[in-house]
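Each residue of the sequence shown is one higher than the one before, starting from 42 at the first, in the working numbering.
Below is one structure, written out as structure tokens, with a few remarks after it.
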Amino acid sequence: MSLQTIVSVQITRGSRSITRAGFGTMLFLGSGATFPERFRVYGSLTAVSADFATSTNEYKAASKYFGQERKPKKMMIGKRLAAVAQVETHTISVNTDGAYTITLNGVAFTFVAAGSTKTQIRDGLVTLINAGAEPVTAAAVSTDQLTLTADVAGTSFTTLVTSNIAEAATTANQGIIEDLQQISALPGGNDWYSLAIESRNVNDILNTSSYIETQRKIFGVATNEAGIKTGSTTDVASLLKAKSYARSFVFFSEDHGSYPEAALFGVINPLDPGSYTTKFKTLVGIVADDLNDSELTFIKNKSCNYYTQVAGVDIFQEGTVAVSEFIDTIIFVDWLQAQIEEGVFTDLINSLKIPFTDVGGAVLEKQVHAQMQKGIRVGGLAADPAPVVTVPKVADIDPLDRQARIFKTIEFAATLAGAVHFTEIRGVVTV
């Protein structure tokens, strides 16, 4: 059971609960594992070398993750299964006049029957779907049946049909989303926060980003896709920005094969969320790029990150996710949410009971205050203005909620401490 079923915390950024340990752990998802499990946990590069040759992508990513100045405590390596294309079978159940519609990924394909046979209806739908832009191929298989097959194995599609069509799943999709879901469902398989993947395939990146957007986690991917440095709108950075994803960041790097995103996670994962900014970080073992002003402008405008040399120092810039929010802000807000959930839950389980009174409300208020202070200590929240926690009087809570023992709604307001990314200094000197 998820912790949020007992303690629900929602934080809105102004500009299955994860344990503290999870924030310091990266999952690397690749296809090179030969062990029988879906994942293994490693505490050092030496441990990784026992399972992976130095030529494997898993080892390359681990070497950058564990190769930074501060050593992360652990990483997980997950095993991908072979991609399988989704197949569905659709049967024309009647042949009455009217509309027959199959909606693929939200796009409707409608054949209007007028004295048509089931075969004519089937053929009409096949023609319409194959003339469309959805990455699915339709094929006739019998007098009243057609199949829909994903063009790209591992990239699923959704369907809705009108009542005059019967649909049945023939072959389940197996792709990167299913890999992540299956690993996370295993005992210990969800004890990670940051994600890097072996694949540089655009479909894999888009599918991973769509999944991560539904989780309290963050995903980073490096790529040397040339379009990112130009006015292209079809490169992966542009596509993620267009989707306003808040939990995925793209890292342009000609050294993408060394997995610089794993190096970045190796730098920040040993640190308390809120205590750092990702900008200005030097990544051991990663080659900096030489980018001209025009290329940098395009990269920045796509909320993409890059690694260049400034004043003789190699540094990571700009430190943002696709929606242009800062990576460290996303991580800190997730951490603070988890801290409040876990703190309140600890009070609930360690007390004979917290009474549904104003005294009980004060207990909850104290715990939320304590987590705000922790946020200040790590540097994520500003001490001035001080965080404010507002707890309603029990008499003002809806009687139905009191009867159901639901204490709502406790609110708080706090200011992010942020980080300095640019300084402007002016002065005058005279003789």
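All C-beta atoms in this analysis are idealised placements derived from N, C-alpha and C, irrespective of residue type, glycine included.
Span of the beta strand (DSSP E), counted from its first residue to its last, around residue i
i	result
ASP355	354–358
ALA454	452–454
GLY71	66–71
GLU208	206–212
GLU219	Per DSSP, GLU219 belongs to no beta strand (DSSP E); it is in the alpha helix (DSSP H), 217–225.
GLN45	Premise fails: GLN45 is in no beta strand (DSSP E) and is neither H nor E.
Where residue i falls: helix, strand or coil (DSSP)
i	result
ILE395	coil
LYS270	helix
TYR106	helix
PHE339	helix
GLN378	helix
HIS410	helix
TYR100	helix
LEU312	coil
LEU187	strand
PHE386	helix
ASP437	helix
THR464	coil
LYS415	helix
Of the listed residues the options, nearest to residue i (C-alpha basis)
i	options	result
THR130	ALA210, GLU78, ASP192 and PHE198	ALA210
GLY73	MET67, PHE93, GLY84 and ASN146	PHE93
ALA267	LYS282, LYS120 and PHE339	PHE339
SER204	SER96, LEU44 and ASN136	ASN136
TYR347	ARG257, ILE371, GLY353 and LYS322	LYS322
ASP425	ARG121, ALA454, LYS394 and LEU441	ALA454
ALA423	HIS410, THR456 and ALA103	THR456
GLN215	THR75, ALA124 and GLY84	ALA124
LEU281	GLY119, ILE118, SER365 and GLY63	SER365
SER85	ALA102, SER96 and LEU70	ALA102
VAL202	TYR234, ALA149, SER285 and ASN171	ALA149
LEU30	VAL470, ARG467 and ARG81	Nothing about residue 30 can be reported from this structure: the residues present for the chain run from 42 to 472 only.
GLY261	MET413, LYS159, GLY360 and ALA460	GLY360
THR196	SER183, VAL177, ALA207 and PHE357	VAL177
PHE292	GLU406, LYS341, ILE170 and ILE309	LYS341
ASP388	ARG446, LYS407 and GLY420	LYS407
ASN333	ASP355, ASP276, THR271 and ARG288	THR271
GLU239	THR398, ASP220, SER225 and ASP355	ASP220
PHE397	ARG418, ILE371 and VAL435	VAL435
Beta-carbon proximity list for residue i, same chain, < 8 angstroms, skipping 5 on both sides
i	result
ALA403	VAL432
GLN1	The requested residue 1 is not part of the displayed model; the chain covers only 42 to 472.
GLY416	GLY315, PHE373, LEU377, GLN380, LEU422, PRO428 and ALA455
PHE76	ASP92 and LYS120
ALA411	GLY384
Proximity test, Cβ basis, 9 angstroms: residue i and chain C
i	result
SER157	This model lacks chain C altogether, as it is built from one protein chain only.
Enclosing alpha helix (DSSP H) for residue i [first to last residue]
i	result
LYS282	277–283
PHE306	301–309
ILE170	159–172
SER90	86–90
Contacting residues, own chain, Cβ-Cβ under 7 angstroms from residue i (five flanking each side not counted)
i	result
ALA181	ARG163, ASP164, VAL167 and LEU187
THR199	ASN146
ALA140	THR151, VAL153 and THR203
TYR100	VAL89, SER90, PHE93 and ALA94
TYR286	SER250, GLU254, VAL362, ALA363 and VAL364
Chain-order list of residues whose beta-carbon lies under 6 angstroms from that of residue i (same chain, five-residue window excluded)
i	result
ILE395	GLY401 and VAL404
HIS462	LYS320
ASN265	GLU295 and HIS297
Report task. Can you check the stretch 242–266 for any alpha helix (DSSP H) of at least 4 residues that lies completely inside it and give the ranges in chain order? Result -> As far as the stretch 242–266 is concerned, its whole alpha helix (DSSP H) runs of at least 4 residues are 243–253.
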